[in-house]
Amino acid sequence: MHEATPIAFITGATSGIGQACAHRFAAAGWGLVLTGRRESRLEALRQTLGDTVPVHVAPLDVTDHRAIEKVVSGLPSPFDNIRLLLNNAGVALGKGPAQEASLEDWHAMIDTNIKGLVSVTRLLLPRLIAHGEGSTVINIGSIAGHTPYPGGHVYGASKAFVEQFSYNLRCDLSGTGVRVTDLAPGMTESEFTLVRMKGDQDKATDYYSGTRALQPSDVAEQALHVAELPAHVNITRLEVTPLCQQWSPFTIVRD
Ligand code: NDP
Ligand code: 8X3
Numbered sequence: 001m002h003e004a005t006p007i008a009f010i011t012g013a014t015s016g017i018g019q020a021c022a023h024r025f026a027a028a029g030w031g032l033v034l035t036g037r038r039e040s041r042l043e044a045l046r047q048t049l050g051d052t053v054p055v056h057v058a059p060l061d062v063t064d065h066r067a068i069e070k071v072v073s074g075l076p077s078p079f080d081n082i083r084l085l086l087n088n089a090g091v092a093l094g095k096g097p098a099q100e101a102s103l104e105d106w107h108a109m110i111d112t113n114i115k116g117l118v119s120v121t122r123l124l125l126p127r128l129i130a131h132g133e134g135s136t137v138i139n140i141g142s143i144a145g146h147t148p149y150p151g152g153h154v155y156g157a158s159k160a161f162v163e164q165f166s167y168n169l170r171c172d173l174s175g176t177g178v179r180v181t182d183l184a185p186g187m188t189e190s191e192f193t194l195v196r197m198k199g200d201q202d203k204a205t206d207y208y209s210g211t212r213a214l215q216p217s218d219v220a221e222q223a224l225h226v227a228e229l230p231a232h233v234n235i236t237r238l239e240v241t242p243l244c245q246q247w248s249p250f251t252i253v254r255d
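Printed below as a string of structure tokens:
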């Protein structure tokens with residue numbers, strides 16, 4: 001392998017946006033470290049993309065801090081020379097009102113979207129800093145981190161965390177050459193809603209029906225753009241929605 005092949009470490013590469021990023025970055029010549037919980041999907045990706053670019057797959061649950069340590073410390077050369085961390089793994093669980101939500105679901109979202117993301121980031125920062133100029137952290141936030149909606153409760157709050165964490169990280173990394181971007185998509189057609197609706201395919205299909213939602217490949221295109229900008233350019237936040245998704249005015253509740 002050519003020494004200059006840039007390596008992208010992607011969490012949640014087994015589906016949706018993460019999987020589309022794996023394909024898009026491979027097409028652009030990036031080497032890949034692909035992680036997620038579903039091993040068979042990781043293996044399928046390795047088989048599909050491994051002929052084109054160097055691919056290392058590592059089954060990983062980001063809520064397991066020790067497992068992250070093991071994956072990061074066990075990265076073989078040259079996969080330890082990370083140029084991009086794409087913190088993509090995330091879940092929304094449930095869309096009912098807060099007062100009816102399961103506390104278990106809330107904790108799972110916090111453990112994945114917040115604690116998982118910060119753990120992976122903390123453990124990979126030394127490698128990104130070692131690479132220096134031109135390295136990038138892309139955190140997948142969401143429009144839900146800015147715009148509240150009924151049923152958004154902990155999910156939206158977790159994405160607000162991702163946004164502010166990204167900005168604060170950027171402050172601390174000043175002078176290291178490492179860039180940080182909060183890439184915040186709107187409605188994207190993936191397994192996201194199927195997971196949110198606990199496997200209810202009818203509800204997931206209904207949610208996207210009659211829309212031209214973003215496709216995961218649309219978001220992957222933005223991620224590649226951010227990662228391949230000249231080294232002195234840092235996009236702080238990039239929000240991207242499908243044309244069909246609009247704001248609503250404040251709702252007035254009358255007596
Ligand atoms: P998908 O459900 O299709 O993909 C989610 C990915 O996250 C899967 O690869 C899944 O892999 C991984 N994942 C979930 N939990 C864990 C965990 N504990 N450890 C490791 N990996 C995990 O959804 P999307 O592709 O749409 O979502 C990707 C990101 O984009 C999320 O952060 C989501 O919040 C965000 N987003 C999505 C939007 C949308 O409308 N779809 C809009 C805005 C943001 P596995 O199950 O194999 O572990
Ligand atoms: C997912 C976007 O609007 O479905 O982050 O919550 S939304």
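So that you can map any letter, position 35 of the sequence shown is 35 in full-length UniProt numbering, and since no number is skipped, the others follow by simple counting. Every residue, glycine too, gets a C-beta built ideally from N, C-alpha and C.
Under the three-state reduction of DSSP, which class applies to residue i: helix, strand or coil?
i, result
"M1", "Because M1 sits at a pLDDT of 41, beneath the cut-off of 50, its placement in the model cannot be relied upon, and the following sentence gives the value as read from the coordinates. Looking at M1 - three-state DSSP - the assignment turns out to be coil, as it is neither helix nor strand."
"A44", "helix"
"T11", "coil"
"A92", "coil"
"A27", "helix"
"A20", "helix"
"I68", "helix"
"L183", "strand"
"L49", "helix"
"V226", "helix"
"I143", "helix"
"L75", "coil"
"T63", "coil"
"T136", "strand"
"V240", "strand"
"A101", "coil"
"V195", "helix"
"V55", "strand"
Tell me which residue opens and which closes the alpha helix (DSSP H) that residue i is part of.
i, result
"P126", "117 to 131"
"A204", "201 to 208"
I'd like to know whether the C-beta atoms of residue i and residue j end up nearer to each other than 9 Å.
i, j, result
"T136", "L85", "yes"
"G116", "T63", "yes"
"V53", "L128", "no"
"A223", "L183", "yes"
"Y155", "M109", "yes"
"A89", "L75", "no"
"G36", "G18", "yes"
"A213", "Q246", "no"
"E239", "H107", "no"
"P242", "M187", "yes"
Counting along the chain, where does the beta strand (DSSP E) carrying residue i start and finish?
i, result
"V110", "Per the sequence presented here, residue 110 reads as Ile, with Val not at that position. Looking at the DSSP string, I110 is not in any beta strand (DSSP E), and its letter there is neither H nor E."
"G31", "31 to 36"
"N234", "Element bounds for N234: n/a, residue is neither H nor E."
"T188", "Segment: none, T188 is in no beta strand (DSSP E) and carries neither H nor E."
"I82", "82 to 87"
"A160", "Per DSSP, A160 belongs to no beta strand (DSSP E); it is in the alpha helix (DSSP H), 153 to 172."
Any heavy atom of the ligand NDP inside 8 Å of the beta-carbon of residue i?
i, result
"M187", "yes"
"Q164", "no"
"E69", "no"
"R24", "no"
"P216", "yes"
"L224", "no"
"V62", "yes"
"E104", "no"
"A27", "no"
"F192", "yes"
Closer than 5 Å to the ligand 8X3: residues, by C-beta to nearest heavy atom, in chain order: What you get when you keep residues with a C-beta closer than 5 Å to any heavy atom of the ligand 8X3 is S142, A144.
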